[in-house]
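**Student:** Residue numbers (this note's numbering): 194 to 514.
My structure is below; once you've seen it, I'll send some questions.
Here's what the structure looks like:
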């Protein structure tokens, strides 16, 4: 089912989805990437504003549980709302821990809840960006990782006398983000389209085009790639089981997970070992986070101009240094 141009004659008895059935067939059927490139603009004022809204929470890694929920029932925005609320609640409860056992359990729950923050925020921020600009936008999100770590070092410097106050101070921003910022963030149009929310996805795309100064012409409709190619008769769904069954995707999944694991071991080993340097801990954490910024800048430029495989291989000879 697709949506065409807005009709001049409307009945208040029709719901939005019912109203779409009475609209004429569109002249042009485009998938989201094609519509962004041709009509809406790949990286304009709408994407930039939307990009900076969810990304201040990207100082925490994403994980699979809420990633799955963001793909299925909750959506990107719904999953991000849930993890922000849980992050704030468990973080504040940690400050009230009466003993180490309760503290350990609450930290475990906090780690579970924050697992989806980075992933959901990353996807929500980058999906509305056009295909040729998405690599640059994706790499630019890592500035917020470094910025979050640097901010944490600054906050910790003011709460050296009480670790409980530090937990409250670092947990409340998630609640503030949930109440003050997230209500003004749009859901991903790609998720809306896949879940059959055609009207909502189309309205988001029209907002993108309007804010970017490129009003969408009449007779243009959103369509899934398979619908656009004439394969709408058979609905195709995929899961992790399908990925494991295929030898090619299974090998790629294994390599991607292994590379990410070993890179994380090195990265967090260096970051968490700064306490053993014997100098000011907060200053060391701040300098480590700032030192990452030039690497992100160079990588963002290489992603645009080079093949991603060469970008992954380029820094490896310098790792021993």
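All C-beta atoms, glycine included, are put in the ideal place defined by N, C-alpha and C.
I'd like the ranges of any alpha helix (DSSP H) spanning at least 4 consecutive residues and lying wholly in the region 394–474.
**Tutor:** 418–421, 433–438 and 440–465
**Student:** What's the call for residue 333, buried or exposed, on a 16-neighbour Cβ count within 10 Å?
**Tutor:** Locating residue 333 in the chain shown gives position 140, counting from the first residue. Classification of residue 333: buried, given that the 10 Å Cβ count is 16 or more.
**Student:** First and last residue of the alpha helix (DSSP H) that includes residue 280?
**Tutor:** Here residue 280 refers to the residue found at position 87 of the chain shown. Element bounds for residue 280: 268–287.
**Student:** Work out the CA separation of residue 481 and residue 350 for me, nearest whole Å.
**Tutor:** Here residue 350 corresponds to residue number 157 of the chain shown, with the count starting at 1. Here residue 481 corresponds to residue number 288 of the chain shown, with the count starting at 1. As the crow flies, the alpha-carbon of residue 350 is around 16 Å from that of residue 481.
**Student:** Taking contact to mean at least 3 C-beta pairs separated by less than 8 Å, is the region 296–310 in contact with the region 370–382?
**Tutor:** no
**Student:** How many angstroms separate the CA atom of residue 434 from the CA atom of residue 446?
**Tutor:** Counted from its first residue, the chain shown places residue 434 at position 241. Counted from its first residue, the chain shown places residue 446 at position 253. Distance between the alpha carbons of residue 434 and residue 446 is about 12 Å.
**Student:** For residue 455 and residue 414, I'd like the C-alpha separation in whole angstroms.
**Tutor:** Residue mapping note: residue 455 aligns to position 262 of the chain shown, counting from 1. Residue mapping note: residue 414 aligns to position 221 of the chain shown, counting from 1. Straight-line Cα distance between these residues: approximately 44 Å.
**Student:** Just mark residue 438 as buried or exposed, buried being the case when its beta carbon has 16 or more other beta carbons within 10 Å.
**Tutor:** To locate residue 438, count along the chain shown from 1; it is residue 245. By the neighbour-count rule (16 or more Cβ atoms within 10 Å), residue 438 is not buried but exposed.
**Student:** Could you tell me if residue 452 is buried or exposed, where buried requires 16 or more neighbouring beta carbons within 10 angstroms of its beta carbon?
**Tutor:** Within the chain shown, the letter at position 259 stands for residue 452. With fewer than 16 Cβ atoms within 10 Å of its Cβ, residue 452 is classed as exposed.
**Student:** Residues in its own chain within less than 7 Å of residue 335 by CB, not counting five upstream and five downstream?
**Tutor:** Locating residue 335 in the chain shown gives position 142, counting from the first residue. If we look at residue 335 and ignore the five residues flanking it on each side, its Cβ neighbours are 489.
**Student:** Between residue 365 and residue 233, what straight-line distance do the alpha-carbon atoms span, to the nearest angstrom?
**Tutor:** Locating residue 365 in the chain shown gives position 172, where the first residue counts as 1. Locating residue 233 in the chain shown gives position 40, where the first residue counts as 1. So the two alpha carbons sit approximately 36 Å from each other.
**Student:** Terminal residues of the continuous alpha helix (DSSP H) containing residue 349?
**Tutor:** The residue given as residue 349 occupies position 156 in the chain shown. Taken as a continuous stretch (DSSP letters only), the alpha helix (DSSP H) holding residue 349 covers 335–351.
**Student:** How would you label residue 384, buried or exposed, when you count the other beta carbons within 10 angstroms and need 16 or more for buried?
**Tutor:** The residue labelled residue 384 in the question sits at position 191 within the chain shown. With 16 or more Cβ atoms within 10 Å of its Cβ, residue 384 is classed as buried.
**Student:** Buried or exposed, going by whether 16 or more other CB atoms sit within 10 Å of the CB of residue 398?
**Tutor:** Against the chain shown, residue 398 aligns to sequence position 205. The residue is buried, with at least 16 neighbouring Cβ atoms inside 10 Å.
**Student:** CB residue 381 to CB residue 320, shorter than 9 Å?
**Tutor:** Here residue 381 refers to the residue found at position 188 when the chain shown is read from its first residue. Here residue 320 refers to the residue found at position 127 when the chain shown is read from its first residue. In this structure, residue 320 lies closer than 9 Å to residue 381 by Cβ.
**Student:** Is residue 224 helix, strand or coil by DSSP?
**Tutor:** Residue numbering aside, residue 224 sits at position 31 when the chain shown is read from its first letter. Three-state result, residue 224: coil.
**Student:** In chain order, what residues of the same chain have a beta carbon less than 7 Å from the beta carbon of residue 408, not counting five sequence neighbours either side?
**Tutor:** Within the chain shown, the letter at position 215 stands for residue 408. For residue 408, same chain residues with a beta-carbon under 7 Å away, outside a window of 5 residues either side, are 402 in chain order.
**Student:** Alpha carbon to alpha carbon, how far is residue 495 from residue 322?
**Tutor:** Counting from one through the chain shown, the residue named residue 495 turns up at place 302. Counting from one through the chain shown, the residue named residue 322 turns up at place 129. Residue 495 and residue 322: Cα-Cα distance of roughly 18 Å.
**Student:** Determine the DSSP secondary structure at residue 379, reduced to helix, strand or coil.
**Tutor:** Mapped onto the chain shown, residue 379 falls at position 186. Correct three-state label for residue 379: coil.
**Student:** Grouping DSSP H, G and I as helix and E and B as strand, with all else coil, what is residue 298?
**Tutor:** Numbered from its first residue, the chain shown carries residue 298 at position 105. Residue 298: helix per DSSP, three-state reduction.
**Student:** Check this for me: beta carbons of residue 371 and residue 417, under 9 Å apart or not?
**Tutor:** Indexing the chain shown from 1 puts residue 371 at position 178. Indexing the chain shown from 1 puts residue 417 at position 224. Contact flag unset, no.
**Student:** Verify whether the separation of the beta carbon atoms of residue 265 and residue 316 is less than 9 Å.
**Tutor:** Indexing the chain shown from 1 puts residue 265 at position 72. Indexing the chain shown from 1 puts residue 316 at position 123. Not in contact: residue 265 and residue 316 (Cβ atoms no closer than 9 Å).
**Student:** Excluding sequence positions up to five away, which residues of its chain have a Cβ less than 6 Å from the Cβ of residue 244?
**Tutor:** Here residue 244 refers to the residue found at position 51 when the chain shown is read from its first residue. Because the pLDDT at residue 244 is just 49, under 50, the model does not fix this residue reliably, and the value given afterwards should be weighed accordingly. Only 318 meet the Cβ criterion.
**Student:** Determine the burial state of residue 310: buried for a count of at least 16 other Cβ atoms within 10 Å of its Cβ, exposed for fewer.
**Tutor:** Counting from one through the chain shown, the residue named residue 310 turns up at place 117. Burial call: buried.
**Student:** Compute the Euclidean distance between the alpha carbons of residue 279 and residue 286, then round it to the nearest angstrom.
**Tutor:** Position 86 of the chain shown, counted from the start, is the residue given in the question as residue 279. Position 93 of the chain shown, counted from the start, is the residue given in the question as residue 286. Computed Cα separation, rounded: 10 Å.
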